[in-house]
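S.K.:
There are 2 protein chains.
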Amino acid sequence: MGKIIKGKIVADALNEKLISEVEILKKKGIIPKLLIMRVGSNGSDLAYEKGALKKCKKIGILSEVREFPETIPQDEFISEIKKANEDKAINGILIFRPFPKQLNENLIKYEIAPDKDVDCFSPVNVAKIMEKDPTGFSPCTPSAVIEILKYYNVPMKGRRAVVIGRSMVVGKPVAMLLLNENATVTICHSKTEDMPSVCSQADILVVGIGRAKAVNSQYIKEGAAVIDVGINTDENGNLCGDVDTEDCIEKSSMITPVPGGVGSVTTSILAKHVIKACRQQNGGDSIYE
Amino acid sequence: MGKIIKGKIVADALNEKLISEVEILKKKGIIPKLLIMRVGSNGSDLAYEKGALKKCKKIGILSEVREFPETIPQDEFISEIKKANEDKAINGILIFRPFPKQLNENLIKYEIAPDKDVDCFSPVNVAKIMEKDPTGFSPCTPSAVIEILKYYNVPMKGRRAVVIGRSMVVGKPVAMLLLNENATVTICHSKTEDMPSVCSQADILVVGIGRAKAVNSQYIKEGAAVIDVGINTDENGNLCGDVDTEDCIEKSSMITPVPGGVGSVTTSILAKHVIKACRQQNGGDSIYE
């Protein structure tokens, strides 16, 4: 019988490290700062923002939100990004997406300064993850997956890891991060044939497809570590993940719950990335990646 | 008993398509042009260059080589790249690597214009492969692998593909390209445990590790298509691949030889990428990717 592994304990441990890291920086007269750029006031953006601001405060990072009207013209938004890029007081920039129609994401993503891009919006950071360049920034959720696996000492080197999903926010970057940890990585997706048999070879199974309880015990190898990245609502309107936790807990060695799993770690990762950006901008190495 | 599938027949078929494509462009007054930038005169660079120039001529693409002294200072080399970026007569740029010590590849890669970068030197193209952006350019060798598989109608969608090797010139990009073709992709490498058992699940096995005849029949699933990207010399000083072809031919359905396999297709892919770049720079779509 596996155990439910909560994200909070991982986040708490990380927060503690980050707090002491900020203290060291403060002694040098440096205070890391995150800027959140938000177009409009989407509910899920606001919810994430609230959590991010709270986390920054807890860790001792400065934060600022710049809200722009839904109708902001593209050139104006780009000049706002450039202003943030050049502002030396800002170390990390998070830009909420998707954008309203008049803003072309495929164009705007080239504007954010890669060294301040703490959530992997810039193609330069996408490339850095693939190249295993330690100065890069992965999106926060895939980094949270690795943080959890490391916290629980789940062996990755040489082990079979299977990722279900190939999005640019979860599947592909998490596959690259697992590869960087020397796992043997398989990427499954909607076109995969006989997915349960592929997944049931996984020592580590990461699921990020956005379908409520799509993964049952048939997908699970005896003793596997299961990381559930999905956030869905079930038939009763309750939050649930992509994994049918109840059905899978017996076979797996550990499994993250939804809510209270990966999602609890992402804002701590965001803070970690802001501190990393700050250190790098101040000529330090990046001890926390 | 499988068959040896030569690259030449794939290259010939592709060349024919490219020749007619160039003819269409010429009728519009457009002639695609490749610029090769070479620092020093390394033997393997010269050999590849010779093949590339010959292929360009055959297909009707203009080409030019700019050779720079081994000792060229970085700022001078960068301004040469910028000159080529701005030159409207040049559609594709190939820059030989690795560089001599004074040239920092990690800095210079940001200088080449992504839309002329026909061999995926720029991080922008690395990101585009990962994002499945059809305007991007993969390195030529991984594209050659896909070209061969498509020519021989090897089904990829939903099938198990295993890539041995995780370099930025072969392993990782070929894994992304196979994923873009909807294969279920596994990446193996030096730290993989029990590699033969992982590989023997592959309907498609792509090997790019640079170790002579490292892959034997234990790695092969009955009926698998085997693509050998390695170029090595064996104990008798003869060219050979990463796959022990003789040992694997019985179980595989098809297998590429070395020499005469993937390597025969790469310069045709280079030409294809130059034509694609030319079309895109002239406002056309990219029918050949």
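Listed in order, the protein sequences are those of chains A and B.
Numbering-wise (our numbering), the first sequence opens with residue 11 and increments by one.
Numbering-wise (our numbering), the second sequence opens with residue 11 and increments by one.
By construction, the Cβ of each residue, glycine as well, lies at the ideal position given by its N, Cα and C atoms.
Computed from a prediction, not measured in an experiment: that's the story for all the values here.
Looking only at C-alpha atoms, which of A:K201, A:D252, A:V134, A:I285 sits nearest to Y120 (chain B)?
M.R.: A:V134
S.K.: I need the straight-line Cα distance from N192 (chain A) to S153 (chain A), nearest angstrom please.
M.R.: Cα to Cα, the separation comes out at about 15 Å.
S.K.: Kindly indicate the opening and closing residues of the beta strand (DSSP E) around F78 (chain B).
M.R.: 72-78
S.K.: Using a cut-off of 9 Å between C-beta atoms, extract the partners of C66 (chain B) located in chain A.
M.R.: Going along chain A, no residue has its Cβ under 9 Å from C66 (chain B), so there is no contact; the nearest lies around 28 Å.
S.K.: For N246 (chain B), count neighbouring Cβ atoms within 10 angstroms of its own Cβ and tell me buried if that reaches 16, exposed if not.
M.R.: Burial check for N246 (chain B): the Cβ neighbour count within 10 Å stays below 16, so the residue is exposed.
S.K.: Output needed for I69 (chain A): all residues of its chain with C-beta closer than 7 Å, excluding positions within five of it in sequence on either side, in chain order.
M.R.: N25, L28, I29, V32, A281.
S.K.: Taking just the CA atoms, how far does A235 (chain B) sit from V49 (chain A)?
M.R.: 49 Å
S.K.: Provide the residue span of the beta strand (DSSP E) that contains T194 (chain B), from first to last.
M.R.: 194-198
S.K.: Looking only at C-alpha atoms, which of A:C150, A:A222, A:N163, A:S200 sits nearest to L187 (chain A)?
M.R.: A:C150
S.K.: Just the C-alpha distance for V253 (chain A) and D238 (chain A), rounded to the nearest angstrom, thanks.
M.R.: 6 Å
S.K.: Secondary structure at G17 (chain A), three-state DSSP: helix, strand or coil?
M.R.: helix
S.K.: For G218 (chain B), would you say it is in contact with chain A, using Cβ-to-Cβ distances shorter than 8 Å as the test?
M.R.: no
S.K.: For I237 (chain A), which beta-bridge partners are listed by DSSP?
M.R.: Looking at the DSSP output, I237 (chain A) bridges to A:V216.
S.K.: Just the Cα atoms here: how many angstroms apart are I91 (chain B) and A123 (chain B)?
M.R.: 9 Å
S.K.: List, from N- to C-terminal side, the alpha helix (DSSP H) runs of 4 residues or more that fit wholly inside the stretch 84-167 of chain B.
M.R.: 84-96, 115-118, 133-141, 150-161
S.K.: Does Y243 (chain B) pass the burial test, meaning 16 or more other C-beta atoms within 10 Å, or should it be called exposed?
M.R.: It should be noted that the sequence gives Thr, not Tyr, for residue 243 (chain B). Its Cβ having fewer than 16 others within 10 Å, T243 (chain B) is exposed.
S.K.: List the whole-angstrom C-beta distance separating G17 (chain A) from G218 (chain A), where the pair is believed to meet the contact cut-off of C-beta under 8 Å.
M.R.: That pair is no contact at about 15 Å.
S.K.: Does DSSP put I297 (chain A) in a helix, a strand or coil?
M.R.: Residue confidence for I297 (chain A) is low, a pLDDT of 47 falling below 50, so the modelled location carries little weight and cannot support an answer.
S.K.: Might you give, ordered along the chain, the residues of its own chain that have their beta carbon closer than 7 Å to the beta carbon of V20 (chain A), omitting 5 neighbours on each side?
M.R.: E157, I158, Y161, V275
S.K.: Nearest to I15 (chain A) by alpha carbon, out of A:G175, A:S200, A:E115, A:S263?
M.R.: A:S263
S.K.: Could you give the DSSP three-state label for E26 (chain B): helix, strand or coil?
M.R.: helix
S.K.: With distances taken Cα to Cα, identify the nearest neighbour of R176 (chain A) among B:G293, B:K142, B:G251.
M.R.: B:K142
S.K.: With a threshold of 7 Å on Cβ separation, who are the neighbours of P206 (chain A) within its own chain once the five nearest residues in sequence on each side are excluded?
M.R.: For P206 (chain A), where only same-chain residues beyond five positions count, the Cβ hits under 7 Å are Q228, Y229.
S.K.: So T194 (chain A) and T202 (chain B) are in contact, right, with Cβ under 8 Å, and what is the actual spacing, rounded?
M.R.: 4 Å
S.K.: Three-state secondary structure (DSSP) at M178 (chain A)?
M.R.: coil
S.K.: Going by alpha carbons, who is nearest to K261 (chain A) out of A:A224, A:G181, A:E232, A:L35?
M.R.: Selection A:A224, A:G181, A:E232, A:L35 evaluated against K261 (chain A) yields A:E232 as nearest (Cα-Cα).
S.K.: Classify T277 (chain B) as helix, strand or coil using the three-state DSSP reduction.
M.R.: Note: T277 (chain B) maps to helix in three-state DSSP.
S.K.: Can you list the residues of chain B that C198 (chain A) reaches, using a CB-CB cut of under 7 Å?
M.R.: T194
S.K.: So the candidates are B:K60, B:Q112, B:K223; which of them puts its Cα closest to the Cα of P83 (chain B)?
M.R.: B:Q112
S.K.: Residues of the stretch 22-35 of chain B with a CB closer than 8 Å to any CB of chain A: list them in chain order, please.
M.R.: none
S.K.: Is there a Cβ of chain B sitting closer than 8 Å to that of Q291 (chain A), yes or no?
M.R.: no
S.K.: Checking the sheet assignment: what are the DSSP bridge partners for V49 (chain A)?
M.R.: A:F78
S.K.: Applying a beta-carbon distance threshold of less than 8 Å, which residues of chain A neighbour T202 (chain B)?
M.R.: G168, T194
S.K.: According to DSSP, which residues form a beta bridge with V225 (chain B)?
M.R.: B:V253
S.K.: What is the rounded straight-line gap between the Cα of D55 (chain A) and the Cα of T196 (chain B)?
M.R.: 34 Å
S.K.: Return no unless some Cβ of chain B is closer than 8 Å to the Cβ of G104 (chain A).
M.R.: For the sequence presented, residue 104 (chain A) should be read as Leu rather than Gly. Not an interface residue.
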